[in-house]
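Here's the structure, in structure tokens; my notes come after.
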Amino acid sequence: MPNSQILDERRRSIGFGDGSGILCDTNSVSGAVSQRACVYCGARVVLNPITDAFHIVHGPIGCASYTWDIRGSLSSGSELYRNSFSTDLREEDIIFGGAKKLAAAIDEIVGKYAPKLIFVYATCIAGVIGDDVDAVCREAESRHKTRVIPVRSPGFSGSKSFGYRMACDAIMRLISPHAGAAKTRGVNILGDFNLAGEMWIIENYLRAVGINVVSTVTGDASYEALIKMPSAELNLVQCAGSMNYLARRMEEEFGIPSIKVSFFGAADTTNSILRAAEVAGGAETMRRAKIFTEQNEAELRSFSERYRPHLEGKKAAIYVGGGFKAISLIRQFSAMGIETVVVGTQTGQPEDYETIGTLVSGDAVILDDANPSELETFMREKGADILVGGVKERPLAYKLGMAFCDHNHERRHALAGYEGVRNFTREIHLSMNSPVWDFLGEMKAETSPAFH
Amino acid sequence: MKSELVNLNVNPCKMCMPMGAVTALAGLRGCMTILHGSQGCATYIRRHMATHYNEPVDIASSSLTEEGTVFGGEKNLVKGIENLVNLYDPDVIGVCTTCLAETIGEDVPRILADFKASRPDLRAGIINVTSAGYSGTQYEGFFRALRAAAEQVEPDAAPNGRINIITGHLSAADTRRLKALLKEMSVDAILLPDLSENLDGGHEETYSRLPRGGTPVSDVAKMAGARASIELAAFIDEARSPARYLLEAHGVPFIRLNPPVGLRDTDAFIKALASLGGVVTPELKKERARCLDAMIDSHKYNAKAVAAVFGEPDFAYSVTRLLTENGARVALAATGSVCRDFAEKILAETGRVRDYHIDSESAALDDCDFDTIERRAAELGVNILIGSSDGRRAAEHLKLPLVRCAFPIHDHVGGQRVRMLGYDGAAALLDRVTNTVLSNVEETFRGEMFEKYHRAESVLTPRGAGNSISPHGGKVSALPHPCFDGCSSKYARLHLPVAPSCNIRCNYCVRDYDCPNESRPGVTSGILSPAEALERFRRVRAALPELAVAGIAGPGDALADFGLTRETLSLIRGEDKNVSLCVSTNGLLLPFYADELSSLGVTHVTVTVNAANPTIGARVYGHIDYFGERFYGDAAAGILLANQLAGIARCAALGITVKVNAVMIKGVNDSHIPDIASRVRGLGCSITNIMRMIPVPGSAFENIPPPGERELEDTRLECEKILPQLRGCRGCRADAAGTLDRDFPLSDISRPAAPEPCGKRAPSARFAVSSKNGVLVDTHFGHTTEFYIYEYSDGGARLRERRPVEEYCAGEEGTGGAGKMDRILKTIEDCDYVLSARIGDSPRGRLASRGVKIHTSYAKIEDAILEAVTKYERSNAI
């Protein structure tokens, strides 16, 4: 038998009904089986949706293999981003260095495809064997007059959210030369990755109320669209945690103000549309936004009422990447009449956990960087009916006889906007109320066999 | 074999060593594995395994950080092992290295020896696998782990009479079959590894986070005392072979066989077991007979299969042998691993049946990526792909079916239950292949036969000769145009509404709106003068550099007032030499203006033709106005048709690309549309766009229902045999701008940019909000780095600006705390309310003394403002 369900040094990262002061934003505990990924992962997921870039992973094959087209980001143009390019470093490269191979790869790509944009991701090994990826990119850039941008993402150099920053730095490096562009009327949308077309949903909403979208970052983004970013009047920042840093830098360096938005849940969606209309449009835009949101909310209400009796009174567990997503899920659940009993995130910040504490009931479990044994222990203890998480958590939920909803990269259903509320509600219902749960446990028959 | 890009792997057909090592270790009983490296390696491998097996797969990580990378990761690794022992209490601990640990030169054996010495009470054994990701693929990693287990588990060399069976990566279901076979043959075997339970567990009352199946370590120890070993792997590196080790260290003789997949290799395995005393039961003989019978039943179908097989070397070889036995042709076998004997062995196998597959070519590639597989598969005429789900992009590009039967399978369920081992496994996999071939034939042969034999002209002239039989040899314009290239969304187009009037009356039209031959019904566009049109063109081009097309498509007919159209087109052409110009018309006046359109540089013309004979035309059109006279009925339709046809022919002769729109009207012209297509094809029209009539109230056809999607598509399919069909036409309005996916809002073009300045309106109440995420009130007053300033009036709250402040708490302990407080208060001195998550007593007092109202909340900002207003209004009322 295991000595413990919870490691002592993990206890400080667990709160009961109160999230203030729990230990977070720190290194994972070795051997604890963290669900987190690495810096490279953070950088890759943010940049990979840029559709017409060559994304070259400089490292051994694993890093490229495990991230090849794993995110359901959609494109209206190029499909180039769905390929995996890797320098596939081998033993001899580890000994003699991989910089030459990288430079040759870039030359070859430029010669054959004349791309406008290349990203080079430096993985753990690139740094350790002493490859100066920055220099290779700089030289290639001046040799070819094409943008070759290094992404400093050795896996060990921090957490996944550090990788988000590295991705944002790469974007800044891309767009800074275009800072002087004349202003166009319109906004950038930051922090949505067009999973299952979510960026399109958001764009449609803005267009419907008369707000022009200049650039989308990075869902369905392209080189030409990205370099227009500095010409926008305003950044709308989806609270995903990954883009706050970019918004701040754009504000400081280009003077582009930003406002926060969230398109998860009906209330947040309405609020965000109104907020964007208020700041980016005039009276007419505001009038249209009011009509648009009222109509959509009214339509949604009758939908939600039909589902509510099936959901009310159930209990949910949440384990997701960022704090804001967890917060918006708690609020969405509570709008459905579902109580959140366990909630954790991989990269939440102190204020996220404090807010979470005010949204959940007295003894709900709040976790930072949880592991499978903690999730198992608390979900069982609290009697959760459903877990919302990523695919790694799915088999655990099922083994525990619990419903599951994927709220991560690989999903094929949109969860943003009013459509997203419908999809989310259906997903929850279809898993939680499935007939399959009636059959858990021992063999049972509806009628005992009787022989005549 | 490398892809076109010699310095890059493009779409890997392989994974890394640690993946193979942890998979093999998952086949040991009570084993928990830790990867010594950065956190991402464990997480990625877990994700890969979780989607394939649909099982929880817990793998620990030593979570190396920058510090560990520089100064060594011993502390992390030891701590990690301690923690996993506490959480899982394993029987055995797998410690696998990664790229990072190997590159920084971690001496893991020494670290583990010290650790064991310091923990004599440790119940679990440790198996250390050296598995740098760059030293090989998952294939090699798998056997390295098995070899490490054989070497490092304390041996029990007392002779036990058992038989060691060492396998590569088998599915859980195949492993169960193998165990059943050994039991059926009464062979007392030690199976290494045994993934059957741990990677395909049942749903139990209580969940055990440490999987309880697999080969017990005590059995691994007993391998040293076995009678013999059978190693089921064709390409294992001799130096890494567990069976070779058992021979050299403990004198256990071994035989190496191919994995028992397919008739011959299963026969060989069973014979080997029989030679060691295994019993060949009558049931087993029946199973073989059934497998053979199944193979005979399907051999002719499988003879049509031209397969590309890809994956680990053993998998690719086994499936190649299985398919070849049944007469299927393996045109390409590929593996991502570096494997010296691979090509030789595969080609020996495919070469064996060279006389059967007459004039066919086969290839075998190792060290290969999917870019290469895809290219070679296309060259070799492959019609079925067999391997992991990573082949799905190649399948998508090549439009080929993919039989998913190797790790990883991310997009289908059942990876753990894939069968191919033994006689029944052979039949099961062959059935899947055969049925894929059969489905493919069933879905395509009707169309193919029709194409090949029914259409006389296609027998006489090669397919795709549609353009060349145009009487004028009309060339197709190479310029991009979204309304001709199947609604491609890449290029932007601009419709200029300069044509006010129309010279015919279609019975589905009400002239209050734009012409429905091109536009959505019920849409009205304002008319522009040619000069205004030029101005709009300039503005849109400035905002949309991808603007490729400018056209005139209404709101009336582009040729009815040709002077306006002419002037507009020449102004645009004068402004931009490159933009494509296009015109849409009913065609009545087309013969008169075709030459002039061509000389103005028009490259695309759309003509709406709703009837190819006057009788039907008379039902569609109410009247026409032609040179000052109004014609009705057959006469009107006859004149219109004659001019449409003459105009189309003239345009085609001038090299203008012609598209014909046909509005499908139920019960009027719906069965007649293919006749229209045939008629205009002969004149050089290159594409037709069949649109549905949408009834407009007040029109003569207001009571005719629109055709359904099915009817529309059926008609398109029929017409497709005659001419290419445009699909997804969205009926853009006459003043559309932008790409087909993204309309450019015209209102925004015309409105000058003027953001509203902050604080223009007189506020009724101003709020300073402490928030970090900007959506919720989530920050302490004292921790606020910037305030969100809101205004409340008329029952609504609006964001005005964000104001950075000095942090009050940060400086309070030192000197000048009061000064900082003054600054903070000054920052928000114009505010009537403060909203924070919490607030200390001192600032609370100072704010209150200045009459500032304070409200604490964690709600959404807008809601919190309403709460505050309500609260204070109520208290005022009291």
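Which chain is which? The protein sequence lines are Y and C, in order.
Residue 393 in this note's numbering sits at position 393 of the first sequence, with consecutive numbering throughout.
Residue 1037 in this note's numbering sits at position 585 of the second sequence, with consecutive numbering throughout.
Don't be surprised by glycine CBs; every beta carbon is placed ideally from N, CA and C.
Ordered along the chain, which non-local residues of its own chain (more than five positions away) have a Cβ less than 6 Å from that of residue i?
i, result
"C/L539", "none"
"C/N1098", "Here the sequence assigns Ala to residue 1098 of chain C, which means Asn is not the residue at that position. Once the five neighbours on either side are set aside, the close Cβ partners of C/A1098 are P1043."
"C/A917", "With a pLDDT of 35 at C/A917, under the threshold of 50, the modelled position of that residue is not reliable, and the figure given next carries that caveat. Contacts found: none."
"C/A695", "I618, S681, E683, F706"
"C/L986", "L1023"
"Y/S176", "none"
"C/E1264", "Legend: pLDDT at C/E1264 = 45, less than 50; position of this residue unreliable, value from coordinates given subsequently. Excluding sequence neighbours, C/E1264 sits near nothing in its chain."
"C/L634", "A641"
"C/R773", "G714, E801"
"C/G613", "R679"
"C/A494", "L487, I511, S513"
"C/G779", "H751, N754, A755"
"C/A1064", "D1127, I1128, R1131"
"C/G520", "N528"
Residue range of the beta strand (DSSP E) that residue i falls in?
i, result
"C/K1305", "1305 to 1308"
"C/V1056", "The sequence given here places His at residue 1056 of chain C; Val does not occur at that position. It spans 1054 to 1060 - the beta strand (DSSP E) in which C/H1056 sits, taken as one unbroken run."
"C/P1256", "1248 to 1256"
"C/C483", "483 to 488"
"Y/V388", "386 to 389"
"C/R708", "706 to 709"
"C/K1008", "The question names Lys, but residue 1008 of chain C is Gly in the sequence shown. Counting along the chain, C/G1008 falls outside any beta strand (DSSP E), and DSSP gives it neither H nor E."
Since residue i is in the alpha helix (DSSP H), which residue starts that stretch and which ends it?
i, result
"C/C743", "734 to 754"
"Y/P350", "350 to 359"
"C/P765", "765 to 777"
"C/E606", "Here C/E606 belongs to no alpha helix (DSSP H), and DSSP marks it neither H nor E."
"C/T503", "491 to 505"
"C/L567", "Checking the sequence shown, residue 567 of chain C turns out to be Phe, not Leu. Where C/F567 is concerned, the enclosing alpha helix (DSSP H) stretches over 560 to 570."
Looking only at its chain, what residues have a beta carbon closer than 7 Å to the beta carbon of residue i, apart from the 5 residues adjacent to it on each side?
i, result
"C/E603", "Y697"
"Y/G401", "W437, L440"
"C/L699", "P705, F706"
"C/H906", "none"
"C/A576", "V537, P542, D543, V544, I545"
Hey, residue i and residue j are a contact pair by Cβ (cut 8 Å); roughly how many whole angstroms apart?
i, j, result
"Y/E410", "Y/G163", "The pair is not a contact, with the Cβ atoms about 18 Å apart (cut-off 8 Å)."
"Y/Y113", "Y/I56", "The Cβ separation is near 12 Å, so there is no contact."
"C/G1039", "C/V1061", "7 Å"
"C/L1016", "C/V1054", "Actually they do not touch by this definition, with Cβ atoms about 15 Å apart."
"C/A846", "C/L837", "6 Å"
"C/G1006", "C/D1047", "At roughly 23 Å, the Cβ-Cβ gap does not stay under 8 Å, so C/G1006 and C/D1047 are not in contact."
"Y/G323", "Y/G357", "Wrong, their Cβ atoms sit about 12 Å apart, outside the cutoff."
"Y/A196", "Y/A414", "4 Å"
Return the chain-ordered list of same chain residues with a C-beta closer than 8 Å to the C-beta of residue i, the five sequence neighbours on each side being excluded.
i, result
"Y/E253", "M172, S176, A179"
At 8 Å on the CB atoms, spell out the chain A contacts of residue i, in chain order.
i, result
"Y/G441", "The chain inventory of the structure shown lacks chain A, comprising the protein chains Y and C."
### Task
Please name the residues in the segment 312 to 336 of chain Y whose beta-carbon is closer than 9 Å to at least one beta-carbon of chain C, in chain order.
G323, F324, I327, S328, R331
### Message
I'd like to know if the segment 14 to 23 of chain Y and the segment 115 to 128 of chain Y are in contact, where contact means that at least 3 CB-CB pairs between them fall below 8 Å.
### Response
no
### Query
Between the segment 867 to 886 of chain C and the segment 620 to 639 of chain C, are three or more C-beta pairs nearer than 8 Å?
yes
### Message
Between the segment 856 to 867 of chain C and the segment 745 to 753 of chain C, can you find at least three pairs of beta-carbon atoms closer than 8 Å?
### Response
no
### Task
Decide yes or no for the touch test of the segment 979 to 997 of chain C against the segment 1134 to 1147 of chain C: beta carbon pairs closer than 8 Å, at least 3 of them.
no
### Query
Using 8 Å as the Cβ pair cut-off and three pairs as the minimum, do the segment 885 to 904 of chain C and the segment 648 to 663 of chain C touch?
no
#### Entry: Near-chain Y residues of the segment 474 to 487 of chain C (beta-carbon distance less than 8 Å), N- to C-terminal order
I486
### Message
Against chain C, which members of the segment 366 to 382 of chain Y pass a CB distance test of less than 7 Å?
### Response
P372, S373, E376
### Message
Pairs of beta-carbons, one from the segment 282 to 289 of chain Y and one from the segment 248 to 264 of chain Y, closer than 8 Å: are there three or more?
### Response
no
#### Entry: chain Y contacts from the segment 623 to 651 of chain C (Cβ-Cβ distance under 9 Å)
none
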